[in-house]
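See structure below.
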């Protein structure tokens, strides 16, 4: 910073400098500007389309509360209710999955603090379709579904199109006017059915035995009176697995088989519904993948050939230019030589002319008139200074 | 496809299932029940979304209407608003509850009313209409690519984007002139002839008397001047002047230099606007107008005429040339790919996705043998094991063919050396005999093939570089674009590798792709040696040739209006000057209108204000300036110098052409249209002599 007192004040200097600044770039406004917190509250509490979802979610949390309370987990019940409500109000999108872990934690440790628990081998078989579990699971499912739908209305219903978020990008939200009146009814109805299905799936996984020694099919129904089913560790016969191992194999098989079946059905359907352009792209890509090694080699040779041809062309042009330069130089040299020869011939002619005149003068001896003597280069008696040629 | 939210949810549920079903089920079954139920729900949502996607989204169809003046029109007028209506519907059996339908806006069009995006539920048979109003401020070509439809489930787990391609182009004609453009010049002459004609002093069928002559048998009786005949006592016939129309030929420069700029705001668009107004005004005066567009390679001519059909044809030609884009020769390939790849993803998502346009890892491998020294590495990889195999074969079968003596010697010394090293490594280690022997064999074997191992590692590292970083990303982009182009060109897999390897072909194809979809690329204006790349000096010869051709075909005195950017061509104008001289020698008029950049001050404008003498010029040491201030100052100096140079060049051009008898003016100086019309009127009122 200069301390010259003659310099204008700093604000003026900055003003002058700013004048040279390029015009400020207009900031792009996002197409779907995010809601402020006040607008979120307004939407949640006042909009008739969004309010039912909020009430349903809060009601689900209210259902979780007595179940956990009955289980001896009063702190957990309160914490889950508060956390669940905060998730909705403050748009914590990762809140609902986290809440599932919190529910599981307090189901395992009712007081929240890990303490020594004894493993009950009959806990699984004694807890099929228990009402409390059913209510808890149903409530959690309703809460999670409502929460995600609310997030679609107040936060984001679709992902961004760009891979990297730019300042002007904002994810689109579902408009509240778009909510149909019977959406919540369907949600709760399907939640009940899904809760029962989930219970059924758990029952199935625990009542099927994995027996790979069986030649026909490695899975069979478990004997409900067989006490060894409840043993977590041996002794077991050869080819038999513990309950936990069986559960693992059955679960994996169900997941794998289910995935395979769905993939086959919907994959084939997707192929049938494929557009012509996409099908052509798949065929082209497959043909390329099968032949790209040979084609790479061909293209490299082709480019090498083109490069060689270009090099030869450049070399030919260079040679032509140099030949032209040489010819020009020769022509110039020839001209110079001719000029020199002409000059020499001219000089010879002049000398001959002078000699002839001199001889003519000398021959005329009868003429006594005084003559001006022409200086000769080889005149030794003549001491006059001469101009140098 | 699963969104990020969906993936996280699935991972959480599977983790909860793993913990609840396999770790703690004997303590509490709640986590397992919870996870199983949520997993069943997730699968249910997935099945529902896939069903809707295959049954409804895959069957979406689009229709478009463009209305101007309340009715569908194949061509549009610049400056006038028009309505765009897009209808999307499907005939599947399911309903998509949440879809965002967005019409992709064309370039150089402003939205006046409505929104091209709409959120809707797509029910079977029910149309979803998107209506909005646009306006094009400049003539050109308007291209609609299609409609983007994004579909998601209500929880945000699944998402699919499709682009319903429906490319259609509309010509945007220059606007029609108002009444002011049609008015003739102020009446300067008392006997101004009717519009569309001027007098030619040759016998014809006009209204003005040219001459009286003696009667010749066959002359019509109504042409006999009775009074003169009575005075002279012999029959005298009247001869009238010939009325011929005034012709105006417009020469419009369409080379790359005038195509630069944002769409709708290029020099070419402005010149085309002037040409359109001149053409319409002249036609309204019933003068004949012709249009010749030229660039540095050739010219396109249209004959002079004054019919309505011809005028529409001229306006169409002007609209088409207004939409021309500069060539992409000289633009770096990275810049072209950076523009083309996102555009291709947007317009052709089904072709550009990884499942149908893939690049396997093996393709990204960098081959070592492409380099000449790679063969040396190959030698080191292959040769030691081969020698070892020969040695072992020699030990096992003494009758096998021996190695050459010199090779045997080298290998023997190599064996001896590695043996000694192995012995040194294992000496005094305190290991018992048999393990030591085993270790010795391993170490010796390792030393024997050590060159191969090192060379192999080098080969691996060299090749695996192609799997990471910008190299792979660039190859993926290039291959995806190449496949798209190969499909469009019909060349199949052959074309893919051609475009991947040949930069020149790929650059040309990229330029054609971007031009076809009307996407502009930032152009480098100067080459590596600092010369302006868009001078197009050959256009002067083309223009001069066209003027000479027009002179050769001219029947009468004509007006030639040259709308061309000649400022950068000060030293190369000789052919044009000669052509202008030839035109002037034939009594034609030449008017040159040069476009002027909007951000440059006029060359004849007021000089800059002198600095205030009381305000002392402050001088600062360059070290006091920060980088930004220094850059600003340098930019200002460069800009001032460039402006001065441009103005000087314009003055030189004006001087050269004025010397040939042409009138030169800038497009933003006054009203060039008025000047052209005044010149036409002057031609009309002149008594020409041939």
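Protein chains in written order, with this note's numbering: chain A, 1 to 389; chain B, 1 to 690. Every residue, glycine too, gets a C-beta built ideally from N, C-alpha and C.
Subject >> Per-residue DSSP class, three states only, for residue 688/B >> reply: Any reading at residue 688/B needs caution, since the residue's pLDDT is 39, under 50, leaving its predicted position unreliable; the model's value is listed next. If DSSP states are grouped into helix, strand and coil, residue 688/B belongs with the strands.
Original post:
Out of 29/B, 355/B, 26/B and 36/B, which has the shortest C-alpha to C-alpha gap to residue 12/B?
Top reply: 36/B
Original post:
Just curious, the alpha helix (DSSP H) that residue 589/B is in, first and last residue?
Top reply: Counting along the chain, residue 589/B falls outside any alpha helix (DSSP H), though it belongs to the beta strand (DSSP E) covering 589-594.
Subject >> Simplified DSSP assignment, three categories, for residue 661/B >> reply: coil
Original post:
Would residue 656/B pass as a contact of residue 577/B if the rule is Cβ separation under 8 Å?
Top reply: yes
Subject >> Contact residues within the segment 196-211 of chain A, judged by C-beta distance below 8 Å to chain B >> reply: 197, 198, 199, 201, 202 and 205
Original post:
For residue 131/A, which of 333/A, 254/A, 218/A and 199/A has the nearest alpha-carbon?
Top reply: 199/A
Original post:
Since residue 36/B meets chain A, which of its residues come closer than 7 Å, beta carbon to beta carbon?
Top reply: 198, 201 and 202
Original post:
For the beta strand (DSSP E) that residue 63/B lies in, which residues bound it at each end?
Top reply: 61-68
Original post:
Since residue 344/A is in the alpha helix (DSSP H), which residue starts that stretch and which ends it?
Top reply: 276-363
**OP:** Within the same chain, show all residues whose beta-carbon is closer than 7 Å to that of residue 19/B, passing over the 5 residues directly before and after it, in chain order.
**Re:** 31
Subject >> Proximity winner among 84/B, 546/B and 312/B, relative to residue 66/B (alpha-carbon distances) >> reply: 84/B
**OP:** Give a yes or no on whether 8 Å exceeds the smallest Cβ distance from residue 26/A to chain B.
**Re:** For residue 26/A, the predicted structure reports a pLDDT of 42, less than 50, and the residue's modelled location is therefore unreliable. The matter cannot be settled from this model.
Subject >> Buried or exposed by the 16-neighbour rule on C-beta atoms within 10 Å, applied to residue 62/B >> reply: buried
**OP:** With 8 Å as the threshold, decide whether the Cβ of residue 675/B is near any Cβ in chain A.
**Re:** no
Original post:
Around the Cβ of residue 390/A, are there at least 16 other Cβ atoms within 10 angstroms (buried) or fewer (exposed)?
Top reply: Absent from the model: residue 390/A. The displayed extent of chain A is 1 to 389, so no value can be given.
Original post:
Does any residue of chain A bring its CB to less than 8 Å from the CB of residue 41/B?
Top reply: yes
Original post:
Closest to residue 391/A by CA distance: which of 245/A, 319/A, 290/A and 283/A is it?
Top reply: Past the edges of chain A, shown from 1 to 389, lies residue 391/A, and the structure says nothing about it.
Original post:
Apart from the five residues just before and just after residue 80/A, which ones in its own chain have a Cβ nearer than 8 Å to its Cβ?
Top reply: 61, 64, 65, 68, 99, 102, 103 and 106
**OP:** For my contact list, residue 132/B and residue 113/B are in at a C-beta cut-off of 8 Å; report their separation, rounded to the angstrom.
**Re:** 6 Å
Original post:
How many angstroms separate the CA atom of residue 665/B from the CA atom of residue 561/B?
Top reply: 11 Å
**OP:** State yes or no: is the beta carbon of residue 157/A nearer than 8 Å to at least one beta carbon in chain B?
**Re:** yes
Original post:
Could you give the C-beta distance for residue 137/A and residue 195/A, rounded to a whole number, given that I count them as a contact under 8 Å?
Top reply: 5 Å
**OP:** Could you tell me the distance, in whole angstroms, from the CA atom of residue 189/B to the CA atom of residue 176/B?
**Re:** In this prediction, residue 189/B has a pLDDT of 37, which is less than 50 and means its spatial position is unreliable; nothing more can be read from the coordinates.
Original post:
Between residue 513/B and residue 519/B, what straight-line distance do the alpha-carbon atoms span, to the nearest angstrom?
Top reply: 9 Å
Original post:
Closest by CA to residue 677/B, which one among 216/B, 277/B, 104/B and 75/B?
Top reply: 277/B
**OP:** Pick helix, strand or coil for residue 5/B, following the three-state DSSP scheme.
**Re:** helix
Original post:
Taking Cβ to Cβ, would you say residue 535/B is nearer than 8 Å to residue 527/B?
Top reply: no
Original post:
Which ranges would you report for the beta strand (DSSP E) in the segment 69-155 of chain B if only whole runs of at least 3 residues count?
Top reply: 75-77, 81-89, 96-103, 110-114, 117-122, 128-135 and 140-152
Original post:
Going along the chain, which residues of the segment 292-325 of chain B sit with their C-beta nearer than 8 Å to a C-beta in chain A?
Top reply: none
Original post:
Can you give, in chain order, each stretch of the beta strand (DSSP E) that sits fully within the segment 261-332 of chain B and has at least 3 residues?
Top reply: 288-294 and 299-301
**OP:** Enumerate, from N- to C-terminal direction, the unbroken beta strand (DSSP E) stretches of 3 or more residues contained entirely within the segment 377-432 of chain B.
**Re:** none
Subject >> Residue from 335/B, 521/B, 405/B and 362/B whose Cα sits closest to the Cα of residue 260/B >> reply: 521/B
**OP:** To the nearest angstrom, report how far apart residue 9/A and residue 115/B are at their CA atoms.
**Re:** Only weak support is given to the placement of residue 9/A: the predicted model assigns it a pLDDT of 44, under 50, and the question is left unresolved by the model.
**OP:** Give me the Cβ distance between residue 270/A and residue 54/B, rounded to the nearest whole Å; I'm assuming they're in contact under 8 Å.
**Re:** 6 Å
Original post:
With distances taken from CA atoms, which of 463/B, 319/B, 228/B and 41/B is nearest residue 271/B?
Top reply: 319/B
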